[in-house]
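Just add 156 to the spot in the sequence shown (first one is 1) and you have our numbering. The structure appears below as structure tokens.
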Amino acid sequence: MTDRLPPAPHVVRLTEYTKTDQIEIIGDSPDPFGVADAGLTWLPKEDHFGIRQKGRLVAHAGLLRLPISIGEVGTQVVGVGGVAVAPDLRGRGLARLVVSAAVDHARTMGPQHGLLFCRPPLVPLYQRLGWQTLEQDVHVEQPGGPVIMPLRTMWTPLRHGANWPAGEVRLLSLPM
Numbered sequence: 157m158t159d160r161l162p163p164a165p166h167v168v169r170l171t172e173y174t175k176t177d178q179i180e181i182i183g184d185s186p187d188p189f190g191v192a193d194a195g196l197t198w199l200p201k202e203d204h205f206g207i208r209q210k211g212r213l214v215a216h217a218g219l220l221r222l223p224i225s226i227g228e229v230g231t232q233v234v235g236v237g238g239v240a241v242a243p244d245l246r247g248r249g250l251a252r253l254v255v256s257a258a259v260d261h262a263r264t265m266g267p268q269h270g271l272l273f274c275r276p277p278l279v280p281l282y283q284r285l286g287w288q289t290l291e292q293d294v295h296v297e298q299p300g301g302p303v304i305m306p307l308r309t310m311w312t313p314l315r316h317g318a319n320w321p322a323g324e325v326r327l328l329s330l331p332m
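Next comes the structure, spelled out in structure tokens:
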């Protein structure tokens, strides 16, 4: 008799990601990401990556290319957002797998930097994945005009040797 290990989870590119998919992963909460008190309006992501186990979607990360100005220079970043792991499967490396796959794809999209916003308790997770904290205010667009992002801002290089430039940071769109 041999013990068989379950197959290792693998990330797939999702053709779509709906509210039903999100509920399948993290349930039907009015504030699934714990950021409602920030009062922000968010953009949907365009590219989606997920992990299914036994037919169930258990993890997700989304991407969206966005305009940004750093100093007086206009450029683009790839925003990472909508990162979710089923509560009953947290601590098993699924966030690492799905975010890493999303970042690998982001490297093919052109911009030099990835950007994400997260609650402070999640900063150590993203640091373990190679993300760095941006220690300055980031202005983001909102329906009523620009506001300072109340969540932590983190970035990662998408090109070898890419460093975050100096200067005021303004996301020229709603956040992702």
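Every residue, glycine too, gets a C-beta built ideally from N, C-alpha and C. Predicted model, so just to flag it, every value in this text is computed and none were measured.
Give me the DSSP bridge partner(s) of residue i.
i	result
Gly235	Leu220, Leu271
Phe205	Arg169, Ala217
Go through its chain and collect everything with a Cβ distance to residue i's Cβ below 7 Å, but skip five positions before and after it.
i	result
Pro165	Ile207, Gln209, Leu250, Leu253
With DSSP collapsed to three states, give me the class of residue i.
i	result
Thr309	strand
Ser256	helix
Gln298	coil
Asp177	helix
Gln283	helix
Leu278	helix
Leu327	strand
Short of 6 Å in beta carbon distance, which residues of its chain neighbour residue i, apart from the five on each side in sequence? Order them along the chain.
i	result
Gly286	Thr312
Pro188	Ile182
Going straight from the alpha carbon of residue i to that of residue j, what length do you get?
i	j	result
Gly151	Pro331	This structure gives no information on residue 151, because the portion of the chain shown stretches from 157 to 332.
His295	His269	17 Å
Asn319	Leu307	21 Å
Leu220	Ala262	9 Å
Gly230	Pro321	12 Å
Gly218	His204	4 Å
Val279	Leu272	10 Å
Thr197	Arg160	46 Å
Cβ of residue i within 8 Å of Cβ of residue j?
i	j	result
Ala215	Val236	no
Leu328	Pro223	yes
Leu290	Thr309	yes
Ala240	Gln283	no
Near residue i, which residues of its chain fall below 8 Å by C-beta distance, leaving aside the five closest residues on each side in sequence?
i	result
Pro267	Arg221, Thr231, Gln232, Val233, Val234, Leu314
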